[in-house]
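Notes follow the structure.
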Amino acid sequence: MYDLVIRGGQVMLPAGLLPCDIGVRSGKIAKLGPIPAGQGATELDATGLTILPGMIDTQVHFREPGGEHKEDLATGSKAAVLGGITGVFEMPNTNPSTSTPEALKDKLDRAKGRMWCEHAFYVGATPDNITALPSLERLPGACGVKLFMGSSTGSLLVEEPGAIAGVLRNGHRRVAVHAEDEARLRERNPIAQSAGHPRAHPDWRDPTTALNATRQIVELARKSGRRIHVLHISTGDEMDYLVDHKDIATVEVTPNHLTLTAPDCYDRLGTNAQMNPPVRDATHQARIWQAVADGTVDILGSDHAPHTAEEKAKAYPGSPSGMPGVQTTLPLMLTHVAEGRLTLQRLVDLMAHGPNRVFGIANKGRIAIGYDADFTVVDLMAERVIEQDWLASRAGWSPYTGHKCKGWPVGTIIRGHHVMRDGEVLGTAIGEPMRFHDTLERTTD
Ligand code: DOR
């Protein structure tokens, strides 16, 4: 007997997309192949549907601890499961930042019974916690260290090259990096101030700002032999550079840089299209798509940044950078699949196999025997428009409302539990911290 049997679906197995039944026992995948009738305590008829490994979003900002009526772990993770996401890595630029053992423990405590999906938290590097990083990055619930080389939302910043090298020398796990050249940002800030319109955003934070920092972090990573993960790559120049450093650097792109285009997005959406690093023109976007096609890109992360409409209404450049996206990423990307820009297999590589491979997530990211029974069930034929009343984020807006999608998440299953079905969140918030190959717990002393 199985706790759950999923029948009749097309399943994205390591071997490819194949018709297959799935048997789940004690939260794990126990059988892949024909399963006789009556063997499941619960049965799900997935005829006409496609079962993907649970989609993992390795870059979200849920802002806990945050303010009242703002996004938090509960609302952000509800948005995640509604969007077919089974696991998230949450960023440390909160207030206070997740840069101490106490702050990490506080986040894990807050997550208990409130997170709808599996989760892990980045530890924020600061000039003051460098020597503590080797132990911080090993704490349960940590997915690794995040380094801001350029300032964005919040106060986390490690700018000085000696300090950046210190971060890289202290620890072993892959370091996730926001690569923008802080000195150049300061120098060029008058561009943003005098323009007073977000159209100037990709000029203030120009391609050289991104490339300088990406080069610097790769050079420093090579000196210390440390693996890095360069987040939200926004320029073709960085892609041209990174292809020669794939031994040491993995690469993330966001759906925003793949979907929105400057200058149109700034004319249409104003400050709502403002994020760091900026959305750029069609030439950069085409090169990023090429990097998706040729394998340079390892991971797609939403960079969900739930600034409220009121905050975003401030005049540029006083307006905060970032846009919500954890719930819209999968429908947007399935639409790119339907329109032929990438294959479904490549999307699964970017959002499930990629996170598993890059971060060494234990038991997640593949549909294989012994792995956790985390599934994202999608209807590839569904045509739907992204409407505000579908969105759960407390941000209360999306740059993609009105966007026509083909392909939609209709089920989110975590360790065999249905947490979202046909747009309804089910049961209670059962999300648990993820475990990692680098830091598996010991069973004996
Ligand atoms: O636009 C952004 N917003 N980029 C980041 O790197 C941070 C994020 C935020 O935290 O709001």
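The sequence shown lines up with residues 625 to 1069 when you count with this note's numbering. Even for Gly, the Cβ is constructed at its ideal location relative to N, Cα and C.
Using 8 Å as the Cβ pair cut-off and three pairs as the minimum, do the stretch 951-971 and the stretch 895-910 touch? no
Touching or not, the stretch 976-990 and the stretch 1009-1025, by the rule of three or more beta carbon pairs under 8 Å? no
Spatial distance of residue 682 from residue 742 (CA atoms): 11 Å
Identify the residues that DSSP records as bridge partners of residue 634: which are they? 643, 674
For the ligand DOR, I want to know if residue 899 counts as a neighbour, meaning its beta carbon is within less than 6 Å of at least one of the ligand's heavy atoms. yes
Short Cβ contact (7 Å threshold) for residue 750 with residue 776: no
Look at the alpha carbon of residue 654 and the alpha carbon of residue 1059, and state the distance between them as a whole number of angstroms. Looking at the two C-alpha atoms, the distance is approximately 20 Å.
Since residue 765 contacts residue 732 with CB under 8 Å, what's their CB separation in whole angstroms? 5 Å
Could you tell me whether the Cβ atoms of residue 972 and residue 920 are closer together than 7 Å? no
My assumption, with CB atoms under 8 Å, is that residue 804 sits in contact with residue 834. Please give the rounded CB distance. 6 Å
Checking 7 Å against the spacing of the C-beta atoms, do residue 1017 and residue 703 come in under that value? Taking 7 Å as the Cβ cut-off, residue 1017 and residue 703 qualify as a contacting pair.
Tell me whether residue 721 is buried or exposed, calling it buried when 16 or more other Cβ atoms sit within 10 Å of its Cβ. buried
Continuous beta strand (DSSP E) stretch holding residue 1004: start and end: Unbroken beta strand (DSSP E) run through residue 1004: 999-1009.
Enumerate in chain order the residues of its own chain whose CB-to-CB distance from residue 1056 is below 7 Å, with the five nearest sequence positions on each side excluded. 742
So is residue 871 in contact with chain E if we call contact Cβ pairs under 7 Å? The structure shown contains no chain E; it holds only a single protein chain.
Around the Cβ of residue 899, are there at least 16 other Cβ atoms within 10 angstroms (buried) or fewer (exposed)? It counts as buried.
What residues match up with residue 863 in a beta bridge as DSSP calls it? Answer is none; residue 863 lacks a bridge partner.
Report buried or exposed for residue 836, applying the criterion of at least 16 other Cβ atoms within 10 angstroms of its Cβ. Per the 10 Å Cβ criterion, buried.
With a threshold of 6 Å, establish whether the CB of residue 759 neighbours any heavy atom of the ligand DOR. no
Beta-bridge partners of residue 1074, as assigned by DSSP: Because residue 1074 is not part of the residues shown, which for the chain are 625 to 1069, the question remains open.
I'd like to know whether the C-beta atoms of residue 782 and residue 852 end up nearer to each other than 7 Å. Here residue 782 is not near residue 852, since their CB atoms are 7 Å or more apart.
Is the closest heavy atom of the ligand DOR to the C-beta of residue 777 under 6 Å? yes
Around the Cβ of residue 671, are there at least 16 other Cβ atoms within 10 angstroms (buried) or fewer (exposed)? exposed
If I follow the unbroken alpha helix (DSSP H) through residue 785, where does it start and stop? 785-793
Out of curiosity, what's the CA-to-CA distance linking residue 727 and residue 642? 44 Å
Straight-line Cα distance separating residue 991 from residue 664: 18 Å
Output the distance between the C-alpha atoms of residue 1048 and residue 706, rounded to the nearest integer angstrom. 7 Å
Could you name the residues that DSSP lists as bridge partners for residue 842? Answer is none; residue 842 lacks a bridge partner.
Could you name the residues of the same chain whose beta carbon sits closer than 7 Å to that of residue 982, not counting the 5 residues immediately before and after it, in chain order? Excluding positions up to five away in sequence, the list reads 798, 853, 874, 922, 923.
Quick check: the Cα distance between residue 640 and residue 657, rounded to an integer number of angstroms? 14 Å
What residue from 889, 786, 748 has the CA that sits closest to residue 845's CA? 786
Nearest-angstrom Cα distance between residue 697 and residue 931? One C-alpha to the other measures close to 14 Å.
Judging by CA-CA distance, which residue of 1012, 714, 644, 820 is the nearest neighbour of residue 1027? 1012
Assuming residue 741 is part of the beta strand (DSSP E), what are its boundary residues? Unbroken run through residue 741: none, as it is neither H nor E.
Check whether the Cβ of residue 929 sits closer than 6 Å to any heavy atom of the ligand DOR, and report yes or no. yes
Residue span of the beta strand (DSSP E) that contains residue 684, given as start and end: 679-684
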